[in-house]
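Enquirer: Questions regarding the structure given below will be posed in turn.
Residue numbers (the working numbering): 5 to 520.
Laid out in structure tokens, this is it:
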């Protein structure tokens with residue numbers, strides 16, 4: 005029995021990747037624009053594939069720094085594989101969400117699925133706020149004395165494919181499709197039977213589906229808990245009960261999933277200690293700081309003028325200044341904490357990007373080593389807010405970090421720095437950017453160099469790779485073709501026209517786009 009995708013699923017998958025990206029770790033592949041340009045042919049090819057016999061193409065992996073100084077392996081799938089993976093998500097998402105513990109209970113708080121026509125996958129409601137709110141309600145209810153905080157060790161990399169198949173079959177009732185997804189994952193892991201790729205959005209859905217039975221197991225014990233991805237907060241009436249629940253959780257995770265807990269992130273604490281250490285929410289902290297700043301300003305006005313002002317009396321410029329000043333102060337506080345609060349740092353960087361404020365430039369440039377786990381967000385912030393020309397010493401400080409710090413040569417850091425330079429080529433000369441790229445060739449290939457050559461309009465670089473473009477791996481090969489768009493019309497046509505008649509579908513559509 006064949007198992008094929010639907011046209012509507014692939015249409016949605018393309019829209020989702022265009023608007024939301026294929027991961028939240030890597031830059032969006034330029035191939036997506038080429039695929040969009042050649043979509044009817046691409047879709048026809050993918051619809052014809054039998055998923056029960058589908059073989060994935062080469063993905064690319066990179067080590068991403070964590071806040072504890074270690075690394076995790078993250079992955080970006082071949083663009084066509086990403087389309088298939090996202091289409092599979094689209095067709096199973098509704099059944100998976102219906103199978104989970106209901107969202108109103110605020111047990112499984114993260115990544116509640118709500119497929120939208122825009123390509124968005126998850127509910128707009130803030131998942132972390134729900135997790136924080138439920139934790140606060142339980143901790144401050146007066147019913148509990150102890151909290152068991154637990155974290156699963158290396159969760160994504162330890163998920164068994166057969167377990168994924170079982171969960172999906174229970175949720176969807178579709179045995180054939182569940183088996184196809186298991187085979188798809190096995191193809192990505194070279195037939196190893198465990199691990200879902202960290203980065204792609206569909207992996208998040210599969211991970212949440214796999215933990216649903218753990219939530220239901222804890223609920224069957226008659227205890228209250230809330231979970232954010234693989235982080236559990238379990239509320240108990242005594243330390244004895246917390247020890248019992250810990251044993252039950254460890255036993256069930258091992259028996260049902262062959263998973264274990266991280267020893268250094270799993271502990272029992274008294275509820276008052278939990279409130280003091282864990283109940284911090286970035287949005288709430290920003291709002292409290294804003295309220296305090298406005299109240300201080302109104303009190304100063306009362307002292308100076310003897311007149312009672314209200315918040316409504318403040319103009320938009322004053323409110324904006326207060327918001328940005330508070331953001332700066334919160335970033336200072338964030339950078340003083342050890343270890344880095346990842347969620348807090350990401351929230352502040354994305355908030356600063358939204359506000360287009362440049363006030364935190366110096367804070368970031370002076371703390372890049374500490375910010376390596378969120379370097380993607382740092383570079384996206386700079387790309388959105390940098391003026392032309394850039395502030396004095398900006399490029400010098402960034403280059404100093406990339407060339408002289410212990411962390412500046414990390415492939416993850418170099419990848420995003422080179423992406424920033426390709427978006428803002430006036431920051432540094434091409435020769436310097438190319439040198440940085442060549443230093444990371446072993447881990448990143450020549451893809452960043454090709455993208456830089458296109459951005460900097462370096463025709464000589466493209467010509468030097470025209471003759472042997474087909475000797476490279478698929479990711480590098482496509483980047484050389486893509487960079488060929490800067491050649492003169494005749495030279496470009498003579499080189500790329502034969503590629504458009506070749507057998508590799510992605511090479512072909514990238515060449516067609518480069519010719520247009």
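By construction, the Cβ of each residue, glycine as well, lies at the ideal position given by its N, Cα and C atoms.
What does the Cβ neighbour count give for residue 407, buried or exposed, with the cut at 16 atoms within 10 Å?
Expert: Mapped onto the chain shown, residue 407 falls at position 403. Classification of residue 407: exposed, given that the 10 Å Cβ count is below 16.
Enquirer: With three or more C-beta pairs closer than 8 Å as the rule, is the stretch 187-205 touching the stretch 86-102?
Expert: yes
Enquirer: Should residue 388 go down as buried or exposed, given a rule of 16 or more other Cβ atoms within 10 Å for buried?
Expert: Taking the chain shown and counting its residues from 1, the one referred to as residue 388 is at position 384. Residue 388 should be labelled exposed.
Enquirer: If I'm right that residue 377 touches residue 402 with Cβ under 8 Å, what's the distance once you round it to whole angstroms?
Expert: The sequence position of residue 377 within the chain shown is 373, counting from 1. The sequence position of residue 402 within the chain shown is 398, counting from 1. About 17 Å; that fails the 8 Å criterion.
Enquirer: Out of 33, 142, 150, which has the shortest C-alpha to C-alpha gap to residue 514?
Expert: Stepping through the chain shown from its first residue, residue 514 is reached at position 510. Closest in alpha carbon position to residue 514, among 33, 142, 150, is 33.
Enquirer: In the DSSP assignment, find the unbroken beta strand (DSSP E) run with residue 153 in it and report its ends.
Expert: Taking the chain shown and counting its residues from 1, the one referred to as residue 153 is at position 149. Residue 153 -> beta strand (DSSP E) spans 150-155.
Enquirer: Which residues does DSSP list as the beta-bridge partners of residue 229?
Expert: Looking up residue 229 in the chain shown gives position 225. 238, per the DSSP bridge assignment.
Enquirer: Report back the beta-carbon spacing between residue 454 and residue 275 to the nearest angstrom; my notes put them in contact at under 8 Å.
Expert: The residue given as residue 454 occupies position 450 in the chain shown. The residue given as residue 275 occupies position 271 in the chain shown. Taking 8 Å as the upper bound for CB-CB distance, residue 454 and residue 275 are not in contact here, some 56 Å apart.
Enquirer: DSSP three-state call for residue 383: helix, strand or coil?
Expert: The sequence position of residue 383 within the chain shown is 379, counting from 1. Helix, per DSSP.
Enquirer: Looking only at its own chain, which residues have a Cβ that is under 8 Å from the Cβ of residue 63, when we skip the five neighbours before and after it?
Expert: On the chain shown, position 59 is the one that residue 63 refers to. The beta carbon of residue 63 sits closer than 8 Å to the beta carbons of 79, 80, 81, 82, 85, 192, 201 from its chain, once the five residues preceding and following it are set aside; these are given in chain order.
Enquirer: Leaving out five residues on either side along the sequence, give the residues of the same chain with a beta carbon under 7 Å from the beta carbon of residue 12.
Expert: The residue given as residue 12 occupies position 8 in the chain shown. The answer is none, since no qualifying residue turns up.
Enquirer: DSSP three-state label for residue 79, please.
Expert: For the purposes of this step, residue 79 is taken as the residue at position 75 of the chain shown. In this structure, residue 79 counts as strand in the three-state DSSP scheme.
Enquirer: In chain order, what residues of the same chain lie with their CB nearer than 6 Å to the CB of residue 19, ignoring the 5 residues before and after it?
Expert: As a working note, residue 19 is residue 15 in the chain shown. Contacts found: 123.
Enquirer: If you draw a straight line from the alpha carbon of residue 28 to that of residue 273, how long is it in whole angstroms?
Expert: One-based indexing of the chain shown puts residue 28 at position 24. One-based indexing of the chain shown puts residue 273 at position 269. Approximately 33 Å between the Cα atoms of the pair.
Enquirer: What are the uninterrupted segments assigned as alpha helix (DSSP H) that are 4 or more residues long and contained completely in the stretch 438-498, given in chain order?
Expert: 445-448, 451-460, 463-470, 478-487
Enquirer: If we count the other Cβ atoms within 10 Å of its Cβ and call it buried at 16 or more, is residue 101 buried or exposed?
Expert: For the purposes of this step, residue 101 is identified with residue 97 of the chain shown, where counting begins at 1. Per the 10 Å Cβ criterion, buried.
Enquirer: Just verifying my parser: in three-state terms, what is the DSSP assignment at residue 112?
Expert: Along the chain shown, read from residue 1 onward, the residue named residue 112 stands at position 108. Note: residue 112 maps to strand in three-state DSSP.
Enquirer: Just the Cα atoms here: how many angstroms apart are residue 358 and residue 252?
Expert: By one-based count along the chain shown, residue 358 stands at place 354. By one-based count along the chain shown, residue 252 stands at place 248. Going by the C-alpha atoms only, they are around 44 Å apart.
Enquirer: From the DSSP secondary-structure annotation, give me the bridge partner or partners of residue 65.
Expert: What you label residue 65 is simply residue 61 of the chain shown in a count that begins at 1. Beta-bridge pairing links residue 65 to 79.
Enquirer: Could you say which of 30, 15, 55 lies nearest to residue 41 if we only look at CA atoms?
Expert: Position 37 of the chain shown, counted from the first residue, corresponds to residue 41. The option with the nearest alpha carbon to residue 41 is 15.
Enquirer: Residue 49 and residue 7: beta carbons closer than 8 Å?
Expert: Residue 49 sits at position 45 when you count from the first residue of the chain shown. Residue 7 sits at position 3 when you count from the first residue of the chain shown. No.
Enquirer: In the DSSP assignment, what are the bridge partners of residue 265?
Expert: By 1-based counting over the chain shown, the position of residue 265 is 261. Paired residues: 156.
Enquirer: From the DSSP secondary-structure annotation, give me the bridge partner or partners of residue 274.
Expert: Your numbering for residue 274 matches position 270 in the chain shown. Partner(s): 150.
Enquirer: Residue 484 and residue 473 look like a contact to me (Cβ under 8 Å); what is the Cβ gap, rounded to whole Å?
Expert: Here the question's residue 484 lines up with position 480 in the chain shown. Here the question's residue 473 lines up with position 469 in the chain shown. That belief holds up - the Cβ atoms of residue 484 and residue 473 are roughly 4 Å apart, short of 8 Å.
Enquirer: For a test of the three-state rule: what should DSSP assign to residue 126, helix, strand or coil?
Expert: Taking the first residue of the chain shown as 1, we reach residue 126 at position 122. Residue state, collapsed to three classes: strand.
Enquirer: DSSP on residue 31, reduced to helix/strand/coil?
Expert: In the chain shown, residue 31 corresponds to position 27, counting from 1. Three-state result, residue 31: coil.
Enquirer: Out of 97, 152, 203, 411, which one is the CA nearest neighbour of residue 444?
Expert: For the purposes of this step, residue 444 is taken as the residue at position 440 of the chain shown. Of 97, 152, 203, 411, the residue nearest in Cα terms is 411.
Enquirer: Tell me whether residue 452 is buried or exposed, calling it buried when 16 or more other Cβ atoms sit within 10 Å of its Cβ.
Expert: As a position in the chain shown, residue 452 is number 448, starting the count at 1. Under this definition residue 452 is a buried residue.
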